[in-house]
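Just below is one structure, and these are the notes that go with it.
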Amino acid sequence: MLKQLLRHLPTTRAKQADLNRASRRVSITIRSYREATREIQEEIERNGFARYLIYDKGE
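Below, the structure is given as structure tokens:
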């Protein structure tokens, strides 16, 4: 019952909305990094020597 009351408070709703926005931003960021990773992996497969360039630590 207390949880239901707290859920209706403006500060709780604002915090929940902020949390939802942050969660969506994180999801979008993760998705974009996955897409970039796929593109890099495809390039490595297309270009056999690219793996040496990408993983070279420059020592």
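One point on numbering: in UniProt numbering, the residue at position 31 of the sequence shown is 31, and numbering is uninterrupted.
Think of the CB as a built atom: it goes at the ideal place given N, C-alpha and C, for glycine as much as any other residue.
- Task: Whole angstroms is fine: what's the gap from Lys3's alpha carbon to Arg38's?
- Result: Separation of Lys3 and Arg38 (C-alpha to C-alpha, rounded to the nearest whole angstrom) is 43 Å.
- Measure the C-alpha to C-alpha separation of Gln41 and Ile30 and round it to an integer number of angstroms. Straight-line Cα distance between these residues: approximately 16 Å.
- State the CB to CB distance for the pair Leu6 and Thr12, rounded to an integer number of angstroms; the pair is presumed to be in contact (CB under 8 Å). By a beta-carbon distance limit of 8 Å, Leu6 contacts Thr12. Their separation comes to about 5 Å.
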